[in-house]
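Colleague: Using the UniProt record's numbering, read the sequence shown as starting at 1 and increasing by one per residue.
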Amino acid sequence: MEACAAADTWTWLKSSLGTVNTAASILLTSTTASAAARRSAGARLGEMAMPVATVLGRAGMPAHMYQAHAAVRSAEGQALVMEATAALWQPDLLRPAASALRSYLELARVVERVGDAGPSALNHLPHSCAVLASTISSHLNSGLVLLDRMFRNSPSSMSGPSTGTGASPPTAEPLAAATKLLGALAESELLPALAGAALRYPGPDPDRVSSGDEAAVERAVNMCATADNLLSALVSAHQVSRRAVTGGGEAAAQAARLAAQLSHPDVVALQEALVGRLLLHGGVELGQGPTVPPGPGPAVGGQGGTWWLTAMEAKLGRTITADGTALSAPGDQEALEVVHSQTLALLLYLRQKLAAREPRALEALCRLGRGRGLGGAYVRPASQVYASNLNALMERTKRAESAAWALAVYTQAVEQQLTGAVTAEPHTGCSAESAPQLHGLAGACNALCRMACKSGCTPDQLGASSLGELEAQLTRADLPGSLDHALRLSFAAADRAALNPGHAQLQRLASERDLPDGGVLVTFAKRAAMLASRLQELEGTAETLSAECRLLAQVTHQILPALGRCRPFMYRLGAEGGIEVRALLARANSHLNTQLLARAALRRVGAQSSGVLYQAAVIAVEFSCLEGRWSSGQALSTGQLLACQPHRLLAAACKLLCADIAAPSVEAPAPGTLELRAQLAGMVEHALVALAASPDMSNSVQAWLAPPAEAGAGSSGGTSGGGGGGMEQAAAAAAAERGCLEPLLRLGVLPRAADLSLEFGSSTGPLLRSASRDTAAGFQACARSLAGSLFGAGSYVVRMGRGNAVTAEAVISPGMDLEGLLAEDEASGRWSQQGGGTPGTDVAALVAAPLPPPVPVPLAAAALPGFKVCANPRCLSYGGRSEADVAELLCGGCKCVRYCGPVCQKAHWKAGHRQDCRAASSAARAAAQQAAPSAGVLPA
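1. Along the chain, where does the alpha helix (DSSP H) containing MET150 start, and where does it finish?
2. Can you find the residues in the same chain that come closer than 8 Å, C-beta to C-beta, to ALA97, ignoring five residues on each side of it along the sequence?
3. If you compare alpha carbons, which of THR544, ILE619, ALA860 and ALA361 is closest to ALA562?
4. With DSSP as the reference, label LEU327 as helix, strand or coil.
5. Please return the same chain residues whose Cβ sits closer than 6 Å to the Cβ of GLU580, not counting the five positions on each side in sequence.
6. On the DSSP letters alone, give me the boundaries of the alpha helix (DSSP H) that MET697 sits inside.
7. Quick one: give me the first and last residue of the alpha helix (DSSP H) that ILE26 is part of.
8. Can you round the beta-carbon distance between ALA337 and VAL385 to whole angstroms, since I take them to be within the 8 Å contact cut?
9. Return yes when the Cβ of PRO206 is within less than 9 Å of the Cβ of LYS353, no when it is not.
10. Is it right to say ARG527 is buried, meaning 16 or more other beta carbons lie within 10 angstroms of its own, or is it exposed?
11. Let me confirm a value: LYS906 is counted as buried when at least 16 other C-beta atoms fall within 10 Å, else exposed. Which label applies?
12. In the DSSP assignment, find the unbroken alpha helix (DSSP H) run with SER241 in it and report its ends.
13. Exposed or buried, what is LEU551 when buried is set at 16 or more other beta-carbons lying within 10 Å of its beta-carbon?
14. May I ask you to report which of helix, strand or coil DSSP gives TYR386?
15. In the structure shown, what three-state DSSP assignment does CYS870 receive?
16. Are there three or more Cβ pairs, one per stretch, closer than 8 Å when the region 870-890 is compared with the region 469-485?
17. Per DSSP, what kind of secondary structure is TYR878 in: helix, strand or coil?
18. Between the region 86-104 and the region 18-27, are three or more C-beta pairs nearer than 8 Å?
19. So the candidates are GLN615, MET697, GLU622 and LEU28; which of them puts its Cα closest to the Cα of THR673?
20. Where does the unbroken alpha helix (DSSP H) through VAL338 begin, and where does it stop?
21. Please state whether the Cβ-Cβ distance between ALA692 and LEU680 is less than 9 Å.
22. Quick check: the Cα distance between VAL131 and SER241, rounded to an integer number of angstroms?
23. From ALA177, GLU685, ARG113 and LEU602, pick the residue whose C-alpha is nearest to that of ALA87; which is it?
24. Sort ASP323, GLN595 and GLN608 by Cα distance to CYS654 and report the nearest one.
25. Identify whether GLY936 lies in helix, strand or coil by the three-state DSSP scheme.
26. Evaluate the contact criterion for the region 142-149 versus the region 198-215: three or more CB pairs, one atom per stretch, below 8 Å.
27. What did DSSP end up calling TYR899 once you bin it into helix, strand or coil?
28. Can the beta-carbon of LEU327 be found less than 9 Å from the beta-carbon of LEU362?
29. Given this structure, state the Cα-to-Cα distance separating TRP12 from SER232, to the nearest angstrom.
30. Buried or exposed for ASP696, please, with buried defined as at least 16 other CB atoms from any protein chain shown within 10 angstroms of its CB.
31. Measure the C-alpha to C-alpha separation of VAL275 and LYS180 and round it to an integer number of angstroms.
32. Smallest Cα separation from ALA197: which of GLN254, TRP307, ALA133 and LEU531?
33. Applying the criterion that 16 or more other CB atoms from any shown protein chain within 10 Å of the CB defines a buried residue, is CYS453 buried or exposed?
34. Look up LEU354 in the DSSP assignment and say whether it is helix, strand or coil.
35. Do you know how far the Cα of CYS224 is from the Cα of ALA477?
36. Would TRP307 and LEU185 qualify as a contact pair, given that the criterion is a beta-carbon distance under 9 Å?
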C-alpha cells in the first residue's frame, strides 16, 4: 500500500476512471461529437478498461490476504486492515468506479445489439465490461466482508445468524473506522450498480461457450465470478445492515442507507435470480421466476425477461463456474458447494419475500446430493460447508416442508460421512465431519417437533393452504422415509461411539435424541429388541455391572422418552391396521420394559427416573396386553400376544410396585410418582381382566393367578373348560407359569387399591379368588363380569372395609340380591381378607427372584409373514433408508423370518433359531401332509 501511494496509484486510478466516464458520455449522450471524437473515445475505453481493472484488482489483494489471516480476526486487527487499505475505500474512488461500470454496461449492450453493424473499435466493450464487473464486485465483497467481521464482534449486534467468533468487541476507534468504510460503500451505490450489471449484461452466445470459444468463455467466467462475488457481498450487506443499526449513532444512519440499497429493484431482482439459480442447479422447476427490471438503454438479452445466466446454464445443461473453465465437470462440486451455501445464507434474509422458494431451495440441495442436479453437478452429498447456514434456517423456518427437505439433506450427508455403508458389524472409524451433520439431524427434527407441538397450529401456519396440501408437501419430501433413515444413522453413530470411547464428538452424538414417527417405528422396534437382548445377556454377573448401568441409563433417558412419543402412532396402528408393525413394536417394547423394570425394582435405576419408568410401564402394559381387547383397535393374535411374554412384563411391573416395600429408596421420588404408581397398578388390573375375559387367554391367566401352593389343584379347573385352543392349553399347563403373578399381585397391587381413583375400581381380589376356586368356565365368567364393570357393560365391584382398609370385595351384576349375597357370604366366611402382606424378607425375596421363564411360542404363530425386518435381536445393521432395504434374506428352512445378511443369520441360528426353525419346518410338513388327499382318492 505504501508503494502504491508512493507511485501515486490512487490518483492515476481516479483520473483513469474519470477518462472512462468522459469517453463513455461522448459515445452515449453526445449528439455533436464528430466521428473522429467518437472513434477516439472508443479507443480510450479500450485502452483503459484492462489497466484500470488490473490495477484495482492488484491493489485490493492485500485486503484479501489480511482478511484470511487469523491474526486480524479481532476488532483491533480488522481496524488495522482498514487503516492500511483506507485508500481503496475513498468515496472519490468508489463513485467513479460505479459510474464507469454503468457506462461500460450500456455500451456493451449497444454493441451486442448492433453486432457487426457497429464500429469494430467498440467490439471489445462486452469483454471489458465483464472484466471490470468482476474486479469491482470482488472489491465490494472484500469491503463488506471486512465490515461484517467488525460489526459481528459488537455485543449489541445480534440480529443476524449466529456466526460469532468470540473476539473482543470493538473499541471506539475501530468502530469509527468501520463506520467510515460503511459510509463510503453506502454513498458509492456500488451494490445496485453491480446488480444491474449482473442482470442486464449481454451474455455470450451459449453455442460459442459450449464450443470453447476463448472470448465467449472468458466473458462467461468473469460474469459468473461477478455473480458469485455479489452473492457473498449481499449476505454480508444484510448482516452489516442489521448489526450496525442496533448500535445507533452514525453507524446506524449509514446502515440504513445500505439497507435501502438492498430494496433497490435491481438488488431485489438479483437476489431472487440467485435463489432461482440454485433451483436450476438442483433440477427443481423454477415456476414463475423473477423478471429483470427494465433498465436504461435499448432492450437486449435479459431486459425485462429471465436472467441470462440461468437461461444460458439451462440451455447448456451444465453449471458455469468462476474457476476459468466456464463449464463445470461432473463431480467438480467444491466451488458450487460454497455458492449454494451462500445462497442458503441469503435465503435466511429473504424468508418473507421468497417464502415459497425456501422449501424448493432445500429440495434442490437434496436433489444435488442424490446426483440429480444439472449436468451431474454433485457426485456425492455436500460436505459440512453449508451446515451452519442450514442449521440457522431450521431455527427460523415456519414451513414444515422446509424442515422435511432439510432432514433429507442431512441424512444424505451423514450416510456419506459415516465411513460408507453400514454393515452388520459396527465400524470403528468415523469422520469427525459427521458430527455437525448428525447434530443437524436433531436440528431438523426439532424444527418439525416445534411446529407439531405448537398450540393451535393450522396448515396455513406451516406453509400449506389445507391439510391435504400439507400432507402432499410432506409426502413429496418423503418425511417418513427421512425420519426412518435419520434414526438408523443415529443408532449407527451411537454404536460407533460405544466402540470409540475416546472420540469426544461421537460421544456427544450418542446422547442425541430423535423423534420417531411413521416408518421409523420399525427401526425403533429393532433397536429396542437389541437393547432388551443385550440387557438379558448382562444379567446377574458382577463383571458386567458397570456395562449394565451404562446401558440402563441410555435406555431410561433416551429410548423410553422416545417410546412415549410413539404412543399416538401405536394407537393409530391398532385402529387403522398395520398389525404387523404393531406386533413388532409391542414385542420389542414389552421385552425391553420387562428387563428394565425388573432391574429398576432392584434399585439399579435412580429414584429420580421413577416417573419415566412408571409411565413407560403403563404404555407397555396397555399397548401389549390391553389394546384391542375390550377397547378400540385390532387385537394381536394369540401367538403374537404370547410372543410379547405378557406374564413376564406383568411380573416386572408388579416387582416395581413392590419395590418401595421391599427396599425403600433413600432418594426422593420424582414428582408425580405416587399418581403414576397407582395408574400402573390400575393398568395391570385392567390388562389382567381383559386377558382373562378373552377366550384365547383365559386359561393362561388363571394359571398365572393361581396360588403357587395350589397350582396343582387349580390345574384341573383352569384347563378343563372355557375357551382356548391347543396352544393356549399347552401354555397354561406349563408348570413354570403357575402362580407366577399371585404373590406379586397380592403384595404389590392390592395394598394400593385404596390409592386408586373410583374410576378404576379394584378387580384383583375377585380375580385371585376365582382363579384359586373356580373352574375355567367360572373364572372366565367372573372375568367377563369384571370387564363389564371396568369397560362399561353394567357390572360393578362392591368393596367392604374398615376405615381406609379394604377387607373384602365382590363382583355384582344388575338384578342380583345384594343384601342377601352379602349376608350369605359373610355367614359362610367365603369373603377373605385380601392383601395385607407384611413388608419384610419375603417381599424382598419376591422382588429379587428371577422373572418367570418365557412361554414357548410356535414360530409360525408369532411370525410376521411378508414383513421385512432382521430377525436377529442383536442386529446392528442400519444401512439403507429403511429396514426393508436390508432384510431381504429369507430363512430357507422355516420361511418365517428374514435377515439382513449371512452374519445375522448365523448368529441367530446359534442363539436358538436352530430348534425353532426345525420345529416350524416339521410342523409345516405335517400340516401339508395332513391337508394333502390320500393317494388314489379324489378330493370331495
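Note that beta-carbon positions come from the ideal geometry of N, C-alpha and C, so glycine has one too.
Modeller: Reading off the structure:
1. In the sequence shown, residue 150 corresponds to position 150, counting from 1. 125-152 is the extent of the alpha helix (DSSP H) around MET150.
2. The sequence position of residue 97 within the sequence shown is 97, counting from 1. Here the set comprises LEU17, LEU56, ILE136, HIS139, SER188 and LEU190.
3. As a position in the sequence shown, residue 562 is number 562, starting the count at 1. Taking each of THR544, ILE619, ALA860 and ALA361 in turn and checking the Cα distance to ALA562, the smallest one comes out for ILE619.
4. In the sequence shown, counting from the first residue as 1, residue 327 sits at position 327. DSSP places LEU327 in strand when its eight states are reduced to three.
5. Sequence index remark: in the sequence shown, residue 580 carries index 580 (1-based). The answer, listed in chain order, is LEU864 and PHE867.
6. As a working note, residue 697 is residue 697 in the sequence shown. Careful: MET697 lies outside any alpha helix (DSSP H) and carries neither H nor E.
7. Numbered from 1 along the sequence shown, position 26 holds the residue referred to as residue 26. Segment 9-28, the alpha helix (DSSP H) holding ILE26.
8. The residue you call residue 337 lines up with position 337 of the sequence shown. The residue you call residue 385 lines up with position 385 of the sequence shown. The amino acid at residue 337 is misidentified as Ala; the sequence shows Glu. VAL385 and GLU337 do touch by the CB rule: their CB atoms are close to 5 Å apart, below 8 Å.
9. Your numbering for residue 353 matches position 353 in the sequence shown. Your numbering for residue 206 matches position 206 in the sequence shown. By the CB criterion at 9 Å, LYS353 and PRO206 fall outside the cutoff.
10. Here residue 527 refers to the residue found at position 527 of the sequence shown. It is buried - the Cβ of ARG527 has at least 16 other Cβ atoms within 10 Å.
11. As a working note, residue 906 is residue 906 in the sequence shown. Exposed.
12. Residue 241 sits at position 241 when you count from the first residue of the sequence shown. Per DSSP, the continuous alpha helix (DSSP H) segment holding SER241 begins and ends at 214-245.
13. Stepping through the sequence shown from its first residue, residue 551 is reached at position 551. Burial call: buried.
14. By one-based count along the sequence shown, residue 386 stands at place 386. Three-state result, TYR386: helix.
15. On the sequence shown, residue 870 is found 870 positions in, with the first residue counted as 1. Here CYS870 sits in strand by DSSP.
16. When Cβ pairs closer than 8 Å are counted between the two stretches, the region 870-890 is seen to touch the region 469-485, the count reaching three or more.
17. The residue given as residue 878 occupies position 878 in the sequence shown. Correct three-state label for TYR878: coil.
18. By the Cβ test, the region 86-104 is in contact with the region 18-27, since at least three Cβ pairs between them sit closer than 8 Å.
19. Sequence index remark: in the sequence shown, residue 673 carries index 673 (1-based). Ranking GLN615, MET697, GLU622 and LEU28 by Cα distance to THR673 puts GLN615 first.
20. Residue mapping note: residue 338 aligns to position 338 of the sequence shown, counting from 1. VAL338 -> alpha helix (DSSP H) spans 334-349.
21. The count along the sequence shown starts at 1 and reaches residue 692 at position 692. The count along the sequence shown starts at 1 and reaches residue 680 at position 680. For ALA692 and LEU680, no; Cβs fall outside 9 Å.
22. If you number the sequence shown from 1, residue 131 lands on position 131. If you number the sequence shown from 1, residue 241 lands on position 241. The C-alpha of VAL131 lies about 28 Å from the C-alpha of SER241.
23. Mapped onto the sequence shown, residue 87 falls at position 87. Nearest option by C-alpha distance: ALA177.
24. By one-based count along the sequence shown, residue 654 stands at place 654. Taking only the C-alpha atoms, the option nearest CYS654 is GLN595.
25. Position 936 of the sequence shown, counting from 1, holds the residue named residue 936. Confidence is the limiting factor: at GLY936 the pLDDT is only 48, short of 50, which leaves the residue's position unreliable and the question unanswerable from this model.
26. Using a Cβ-Cβ distance cut-off of 8 Å, the region 142-149 and the region 198-215 are not in contact, since fewer than three pairs of beta carbons, one from each stretch, lie closer than that value.
27. Position 899 of the sequence shown, counted from the first residue, corresponds to residue 899. DSSP, read as helix, strand or coil, puts TYR899 in strand.
28. As a position in the sequence shown, residue 327 is number 327, starting the count at 1. As a position in the sequence shown, residue 362 is number 362, starting the count at 1. Result no, Cβ atoms of LEU327 and LEU362 do not sit closer than 9 Å.
29. In the sequence shown, counting from the first residue as 1, residue 12 sits at position 12. In the sequence shown, counting from the first residue as 1, residue 232 sits at position 232. Spanning the two alpha carbons is a distance of roughly 29 Å.
30. If you number the sequence shown from 1, residue 696 lands on position 696. ASP696 sits buried, since 16 or more C-beta atoms from the chains shown fall within 10 Å of its C-beta.
31. Counted from its first residue, the sequence shown places residue 275 at position 275. Counted from its first residue, the sequence shown places residue 180 at position 180. Taking the straight line from one Cα to the other gives about 31 Å.
32. Translated into positions along the sequence shown, residue 197 becomes position 197. Cα-wise, what sits closest to ALA197 is ALA133.
33. Here residue 453 corresponds to residue number 453 of the sequence shown, with the count starting at 1. CYS453 sits exposed, since fewer than 16 C-beta atoms from the chains shown fall within 10 Å of its C-beta.
34. Residue numbering aside, residue 354 sits at position 354 when the sequence shown is read from its first letter. Coil at LEU354, not helix or strand.
35. Residue 477 sits at position 477 when you count from the first residue of the sequence shown. Residue 224 sits at position 224 when you count from the first residue of the sequence shown. ALA477 and CYS224 have their alpha carbons spaced roughly 31 Å apart.
36. As a working note, residue 307 is residue 307 in the sequence shown. As a working note, residue 185 is residue 185 in the sequence shown. Not in contact: TRP307 and LEU185 (Cβ atoms no closer than 9 Å).
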